[in-house]
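Peer 1:
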Amino acid sequence: MNRKTFRKATFIFFLVLGSGLITSALLKSPTHKPAKKRQTSVATDEDQWVNSEMAKLSMQERIAQSFMVACWSNKEKEHLAETEELVRTQKIGGLIFFQGERDNLQEAIQQMQASAKIPLLIGMDAEWGVAMRLSGEPRFPYQQTIGAANDLNLTERIGYQMGVECDMLGIHMNFSPVADVNLNPQNPVIGFRAFGSDPKQVAKQTAAMVKGIEDAGVISCVKHFPGHGDTDKDSHKELPTVSHSVNEFETKDFLPFKSAIDAGTRSVMVAHLNVPSLDPSGTPSSLSKVVIETYLRKKLGFKGLVISDALNMKAVSEKYGKSEVVAKAYLAGCDILLFPENVPDAIKLISDKVESGELSKEDVNEHCRRVLRAKYHAIVHKPMVKRKDPAPERKLIIDQIYEKALLCVKNEQDNLPIDRLDKQIIRIAVGTHTAAFRDRLNDYAKVTHYKYFTPEEAVRRLKEIKLDPNATYMVDFHSDGQRARNNYGFGNWKQVLDLLPENASTTVILFGNPLTLQNESEFPKSVKSILCSYENTAPAQERTAQAIMGAFDVNGKLAMEINNKWKLGFGIDLKNNGRLKYSSPEELGLNPEKLKEIDEIVAKAIEAKVFPGCQIVVAIDGKMVIQKSYGTTIYENGDSITNNHIYDLASITKIASSTTALMRLKTLNKFDEKMDLNQLVPEYVKGTPYADLKAIDLLTHQAGLTPWIAFYKRTMENGELNPTIYSTTDKGVYNRAVADNIFIKDDYWKTMLKIIVETPLTGKKSYEYSDLSYYFFNKYIELTSGMGQNEFVDKEIYQPLGLQTMTYLPLKKFNKKRIVPTEFDKEFRKQLIHGYVHDPGAAMMGGVAGHAGLFSNATDLAALMQFLLNKGQIGDQSIIKKEIVDQFTSCQFCPGNRRGIGFDKPTVSIKNGPTCDLVSPSTFGHSGFTGTITWADPENKVNFVFLSNRVYPDADNWKITKMSVRTEIQRVIYEALFEARQN
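Our numbering numbers the first residue of the sequence shown as 1 and each following residue consecutively.
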């Protein structure tokens with residue numbers, strides 16, 4: 001093979017390697033599996049390859065294998081050409097890449113590898129992922145945050161993901177993790193890059209991350225030996241001194257390095273430090289044979305690659321010069337010389353030292369062999385692994401890190417989490433990149449937002465605003481950096497708090513380094529809670545918002561000392577209040593591939609015109625794992641359905657409004673299911689057979705009522721609306737809207753109740769579904785509460801829960817485009833029903849009825865059902881007594897009647913009923929005529945909501961039932977859940 005052919009072949013091989021087509025990876029489950037090695041005689045093959053390559057190299061070329069030169073993939077072509085020239089002519093062994101972008105990095109790697117005699121070892125500082133060097137890439141949390149999360153499994157998994165990310169880009173070595181113990185809060189260079197200040201914890205975290213990176217097939221590099229954590233100078237600028245005794249080094253600084261070595265790290269970086277107790281000569285540690293050979297090699301037993309810290313750093317470069325510093329590091333025992341600045345001269349200088357006898361050929365060969373062995377395992381003999389998209393696992397791990405790191409340092413009067421959301425909430429944001437926190441808060445509650453870029457602007461502008469002293473306040477400060485300058489990027493943030501009403505209840509949230517609190521201990525009276533979220537990232541903000549609303553427990557503890565008040569290990573625990581957590585299938589170990597069957601079911605249904613679109617929400621164990629929207633509002637040029645669209649719930653109103661209202665009234669001792677209609681609404685039933693009907697029989701549909709009455713037909717003459725009952729304008733006694741430009745007489749509901757009581761009862765006490773009893777319960781709720789049913793449920797239930805879309809009469813609150821239309825009513829209203837209740841009887845009640853009229857999106861309905869799964873509680877707040885929820889959601893007259901009180905239930909056999917046959921008997925819920933359904937399963941902790949407008953454009957479309965769309969979706973959910981539990 002001639003040189004041209006060889007170069008072309010090499011280029012093609014590394015093009016594939018660098019693009020990640022051969023080696024790209026994902027965790028199949030929350031615990032990853034390291035790649036299996038090929039079943040060959042590895043030691044023999046390795047020795048044979050190393051010896052073969054060594055034989056081809058001259059002495060200078062063997063020396064050059066230790067040179068890892070800096071390269072910027074985003075620099076001009078001249079820089080890349082110069083670097084390629086070093087690869088081709090000097091035969092250097094590797095490159096460390098700095099700033100660039102994904103595409104130009106891969107192009108540069110392929111270009112350099114094509115010119116290499118032996119494959120180049122490619123390295124990068126990727127402490128928080130390749131985003132540390134590459135623009136446009138998402139980043140992982142900082143080590144300070146990972147240490148605060150204090151979950152070794154997550155640390156290992158995040159290390160693995162970092163390794164996968166490097167591997168997919170053709171990077172063989174990640175100069176990570178930082179193993180320094182952050183013993184000095186004033187450290188200008190380590191700080192947030194360290195896991196914490198407890199040597200034992202840092203050791204455990206370091207080992208876990210090493211294991212993860214190495215299991216991905218990437219070389220980890222722990223740094224900065226012998227320990228850079230207790231310095232107050234930056235070695236990039238000057239030589240710091242660490243004045244620890246040998247004992248202090250061994251009991252503190254060395255622990256993480258020893259732990260990393262035991263965990264299998266293949267390289268250790270030596271720092272530029274003056275360490276008098278280890279080497280009294282004053283020689284920087286990176287150039288000290290004593291530090292490297294006596295302590296790292298012999299004391300700690302390290303046999304892998306020793307790497308110098310960057311040799312262009314002023315801590316060493318200014319004193320020794322560009323070539324001499326490289327030679328000194330090589331002679332001291334460094335196998336890889338990082339960032340040498342004058343490569344030809346440095347190689348020649350080292351070669352001269354071999355010729356003079358100052359350096360033995362055996363030492364050169366040993367350095368070269370270590371480098372080649374690393375290349376053999378990292379490149380030549382690297383196992384080929386099939387890998388999936390890493391994004392879902394990556395997102396899960398990052399979310400969980402921020403969640404577990406979240407720290408509460410103050411929580412007076414149990415201010416957090418916020419239980420009831422029926423009080424004004426005012427949020428004041430100070431800083432940049434604040435949107436994720438805002439958006440997630442808005443998912444839970446109606447919040448008034450003020451946004452300022454600096455504390456000074458906030459102070460100036462807030463003085464112009466009259467702030468409500470009775471509101472709940474959140475003040476979130478967003479840092480633009482992690483280092484100490486400008487008060488860790490927060491500026492003079494505390495001055496903003498002085499402007500808040502003294503008796504207000506305020507939560508302060510710090511998105512950034514919690515060391516901004518080190519000089520703080522006292523706060524204004526209004527400040528009841530302080531949360532520290534470590535970083536100003538979208539995932540950190542999103543998790544913090546959820547924690548404030550009570551979606552999960554907060555158990556974060558300090559991995560470092562802030563001051564004498566907030567010491568290592570401090571943190572106030574917050575208990576969740578049961579609100580739905582925005583989560584993912586991966587958090588519960590659900591197989592996303594299995595859940596794609598739901599997408600397929602919906603796609604087929606939309607194609608078959610079962611419905612134009614739908615929303616689905618699934619929560620398991622209080623965690624929302626599916627929140628998806630499909631299709632369009634209508635078939636012809638409809639808007640795409642979003643999670644914010646609002647559907648007509650139809651008969652789900654019976655449980656989401658009427659039954660819930662009755663449970664609330666029973667909690668207030670104002671209702672009992674044993675009461676009869678004569679006790680509840682005597683004015684409308686006195687002297688009729690209806691007077692003796694018991695509430696429990698009515699709510700379980702066994703009171704002998706006729707199923708349905710077409711009230712609207714009695715208001716029409718010759719197919720037209722009776723003008724004495726309806727008006728085309730809102731005027732006089734015609735104020736109740738039935739549809740666009742149709743208003744019914746305000747008191748016509750009385751005629752409707754009269755029609756009901758004049759309708760004979762069947763006389764059978766057996767199950768027969770009927771809407772009619774809810775007309776009476778609607779009036780009872782009004783009479784007892786002194787307000788309309790819509791107002792009562794909103795005040796007593798929906799507002800405390802923060803339900804923003806669940807409402808009657810949606811056109812009074814929302815733009816019409818946000819509401820999904822239902823049927824084109826050809827018989828009664830003779831128009832497309834859009835924004836008005838589909839049910840004719842409910843429409844004639846003015847849109848507020850006991851059996852229909854409620855609108856919502858799927859998320860709010862799921863939140864209500866979760867509230868019922870939580871037995872009517874929001875944290876310590878009891879809106880409905882637990883025993884009442886248990887009673888109403890249980891079957892009352894099984895086996896002859898499956899119903900609960902108001903709630904539908906599975907059949908006794910679980911088969912051939914309204915649910916799939918995998919639910920538990922404790923399941924409760926309801927369906928709606930418009931194509932809606934909701935089921936909550938206490939035993940399996942499953943909360944399922946499906947909303948559609950299957951009645952568009954014609955209510956006679958029953959394909960949703962014939963194709964079993966809803967129950968088949970429910971089946972997939974349970975199959976995925978049971979599969980996850982078995983695994």
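Cβ coordinates follow ideal geometry from the N, Cα and C atoms, glycine included. Just so it is clear, the structure is predicted and the values come from calculations on it, not from any experiment.
Decide if PRO723 is buried, meaning its Cβ has at least 16 other Cβ atoms within 10 Å, or exposed.
Peer 2: Residue 723 sits at position 723 when you count from the first residue of the sequence shown. So PRO723 counts as exposed.
Peer 1: Hey, would you say MET474 sits closer than 7 Å to THR507, going by beta carbons?
Peer 2: Taking the sequence shown and counting its residues from 1, one reaches residue 474 at position 474. Taking the sequence shown and counting its residues from 1, one reaches residue 507 at position 507. Yes, these two residues count as a Cβ contact at 7 Å.
Peer 1: Using the Cα positions of LEU590 and ALA980, report the straight-line distance between them to the nearest angstrom.
Peer 2: Working through the sequence shown from its first residue, we reach residue 590 at position 590. Working through the sequence shown from its first residue, we reach residue 980 at position 980. Straight-line Cα distance between these residues: approximately 5 Å.
Peer 1: Can you tell me whether GLN615 is helix, strand or coil according to DSSP?
Peer 2: Counted from its first residue, the sequence shown places residue 615 at position 615. Strand.
Peer 1: I'd like to confirm the pairing. Which residues does DSSP put opposite HIS478 in its beta bridges?
Peer 2: Walking along the sequence shown from the start, residue 478 turns up at place 478. HIS478 pairs with GLY431, PHE511.
Peer 1: Give a yes or no on whether the C-beta atoms belonging to ASN949 and THR859 are separated by under 7 Å.
Peer 2: To locate residue 949, count along the sequence shown from 1; it is residue 949. To locate residue 859, count along the sequence shown from 1; it is residue 859. The answer is no: Cβ separation not under 7 Å.
Peer 1: So does the segment 395 to 413 actually touch the segment 80 to 89, counting three or more Cβ pairs closer than 8 Å?
Peer 2: Judged by Cβ distances under 8 Å, the segment 395 to 413 makes no contact with the segment 80 to 89, as fewer than three pairs qualify.
Peer 1: Per the DSSP calculation, ILE219 is bridged to which residue(s)?
Peer 2: Here residue 219 refers to the residue found at position 219 of the sequence shown. According to DSSP, which records beta bridges pairwise, ILE219 is partnered with MET173.
Peer 1: Can you check whether the CB of ASP553 is closer than 7 Å to the CB of ASN576?
Peer 2: As a position in the sequence shown, residue 576 is number 576, starting the count at 1. As a position in the sequence shown, residue 553 is number 553, starting the count at 1. Cβ atoms of ASN576 and ASP553: closer than 7 Å.
Peer 1: Do SER245 and SER277 have their C-beta atoms within less than 7 Å of each other?
Peer 2: On the sequence shown, residue 245 is found 245 positions in, with the first residue counted as 1. On the sequence shown, residue 277 is found 277 positions in, with the first residue counted as 1. Yes, these two residues count as a Cβ contact at 7 Å.
Peer 1: Report the rounded CA-to-CA distance for LYS666 versus ILE781, giving the unit in angstroms.
Peer 2: Within the sequence shown, numbered from 1, the residue matching residue 666 stands at position 666. Within the sequence shown, numbered from 1, the residue matching residue 781 stands at position 781. Cα to Cα, LYS666 sits roughly 11 Å from ILE781.
Peer 1: Could you check which residue in SER505, ALA538, PRO539, ASN513 has the C-alpha nearest to that of PHE523?
Peer 2: By one-based count along the sequence shown, residue 523 stands at place 523. Taking only the C-alpha atoms, the option nearest PHE523 is SER505.
Peer 1: I need the straight-line Cα distance from PRO840 to HIS478, nearest angstrom please.
Peer 2: Mapped onto the sequence shown, residue 840 falls at position 840. Mapped onto the sequence shown, residue 478 falls at position 478. Computed Cα separation, rounded: 52 Å.
Peer 1: Under 8 Å: do the segment 832 to 852 and the segment 457 to 475 share three or more Cβ pairs, one atom per stretch?
Peer 2: No, the segment 832 to 852 does not touch the segment 457 to 475.
Peer 1: Compare the Cα-Cα distances from TYR488 to each of LEU499, ASP730, ASN513, ILE92 and report the closest residue.
Peer 2: Numbered from 1 along the sequence shown, position 488 holds the residue referred to as residue 488. Closest by alpha carbon: ASN513.
Peer 1: Which ranges would you report for the alpha helix (DSSP H) in the segment 376 to 434 if only whole runs of at least 4 residues count?
Peer 2: Taking only runs of at least 4 residues, the alpha helix (DSSP H) segments lying wholly in the segment 376 to 434 are 391 to 405.
Peer 1: Where does VAL189 fall in DSSP's three states?
Peer 2: By one-based count along the sequence shown, residue 189 stands at place 189. If DSSP states are grouped into helix, strand and coil, VAL189 belongs with coil.
Peer 1: Is the distance from the Cβ of GLY227 to the Cβ of ASN182 below 7 Å?
Peer 2: Residue numbering aside, residue 227 sits at position 227 when the sequence shown is read from its first letter. Residue numbering aside, residue 182 sits at position 182 when the sequence shown is read from its first letter. It is not a contact, given that the beta carbons lie outside the stated cut-off.
Peer 1: Thinking C-beta only, is THR930 closer than 7 Å to ASP648?
Peer 2: Position 648 of the sequence shown holds residue 648. Position 930 of the sequence shown holds residue 930. Against a cut-off of 7 Å, the Cβ pair of THR930 and ASP648 comes out as a contact.
Peer 1: What residue ranges within the segment 253 to 295 form continuous beta strand (DSSP E) runs of no fewer than 3 residues, ordered along the chain?
Peer 2: As far as the segment 253 to 295 is concerned, its whole beta strand (DSSP E) runs of at least 3 residues are 267 to 270.
Peer 1: Thinking just about the alpha-carbon of each residue, which of LEU239, PHE776, SER583 is nearest to the one in GLN679?
Peer 2: As a position in the sequence shown, residue 679 is number 679, starting the count at 1. Minimum Cα distance to GLN679 is reached at PHE776.
Peer 1: What does a CB cutoff of less than 7 Å around VAL965 pick up in its chain, not counting 5 residues either side in sequence?
Peer 2: If you number the sequence shown from 1, residue 965 lands on position 965. Answer for VAL965: ILE601, ALA605, VAL610, listed in chain order.
Peer 1: How about ASN104: is its C-beta nearer than 7 Å to some C-beta of chain B?
Peer 2: No chain B is part of this structure, which consists of one protein chain only.
Peer 1: Per DSSP, what are the beta-bridge partners of GLY100 in this structure?
Peer 2: Looking up residue 100 in the sequence shown gives position 100. Note: GLY100 sits in a beta bridge opposite LEU134.
Peer 1: With a threshold of 7 Å on Cβ separation, who are the neighbours of THR642 within its own chain once the five nearest residues in sequence on each side are excluded?
Peer 2: Taking the sequence shown and counting its residues from 1, the one referred to as residue 642 is at position 642. For THR642, where only same-chain residues beyond five positions count, the Cβ hits under 7 Å are SER629.
Peer 1: Could you check which residue in LEU947, ALA179, SER281, ARG157 has the C-alpha nearest to that of LYS252?
Peer 2: Numbered from 1 along the sequence shown, position 252 holds the residue referred to as residue 252. Ranking the options by Cα distance to LYS252, first place goes to ALA179.
Peer 1: Give me, in chain order, the residues of the same chain whose beta-carbon lies closer than 6 Å to that of THR283; leave out the 5 immediate sequence neighbours on both sides.
Peer 2: Mapped onto the sequence shown, residue 283 falls at position 283. Result list for THR283: empty, nothing under 6 Å.
Peer 1: What do you get for PRO469, buried or exposed, if any count of 16 or more other CB atoms within 10 angstroms of its CB means buried?
Peer 2: As a position in the sequence shown, residue 469 is number 469, starting the count at 1. Exposed, because fewer than 16 other Cβ atoms sit within 10 Å of the Cβ of PRO469.
Peer 1: Determine the DSSP secondary structure at LYS911, reduced to helix, strand or coil.
Peer 2: For the purposes of this step, residue 911 is identified with residue 911 of the sequence shown, where counting begins at 1. Note: LYS911 maps to coil in three-state DSSP.
Peer 1: Please look up how many angstroms separate the CB atoms of GLY100 and PHE67, rounded, as I've assumed it's under 8 Å.
Peer 2: Start at 1 with the first residue of the sequence shown, and residue 100 comes out as number 100. Start at 1 with the first residue of the sequence shown, and residue 67 comes out as number 67. That pair is no contact at about 20 Å.
Peer 1: So, are the CB atoms of VAL364 and ILE63 less than 7 Å apart?
Peer 2: The sequence position of residue 364 within the sequence shown is 364, counting from 1. The sequence position of residue 63 within the sequence shown is 63, counting from 1. Going by C-beta atoms, VAL364 is nearer than 7 Å to ILE63.
Peer 1: Between the Cα of ASP125 and those of PHE98, ASP103, TYR142, spot the shortest distance and give me the residue it belongs to.
Peer 2: For the purposes of this step, residue 125 is identified with residue 125 of the sequence shown, where counting begins at 1. Comparing Cα-Cα distances from ASP125 to each of PHE98, ASP103, TYR142, the minimum goes to PHE98.
Peer 1: Which stretch, first to last residue, makes up the beta strand (DSSP E) that contains LYS935?
Peer 2: Taking the sequence shown and counting its residues from 1, the one referred to as residue 935 is at position 935. Note that residue 935 is Trp in the sequence shown, not Lys. TRP935 -> beta strand (DSSP E) spans 932 to 937.
Peer 1: By Cβ distance, which residues of its chain are closer than 6 Å to PRO256, with the 5 residues on each side in sequence left out?
Peer 2: On the sequence shown, position 256 is the one that residue 256 refers to. These residues qualify, in order along the chain: ALA179, VAL202, ALA203, THR206.
Peer 1: Could you compute how far the alpha carbon of ARG543 sits from the alpha carbon of MET162?
Peer 2: As a working note, residue 543 is residue 543 in the sequence shown. As a working note, residue 162 is residue 162 in the sequence shown. Whole-angstrom Cα-Cα distance: 22 Å.
Peer 1: Taking 8 Å as the limit between beta carbons, can you name the residues of its chain near SER317, skipping five residues before and five after?
Peer 2: If you number the sequence shown from 1, residue 317 lands on position 317. LEU311, VAL325, GLU341, listed in sequence order.
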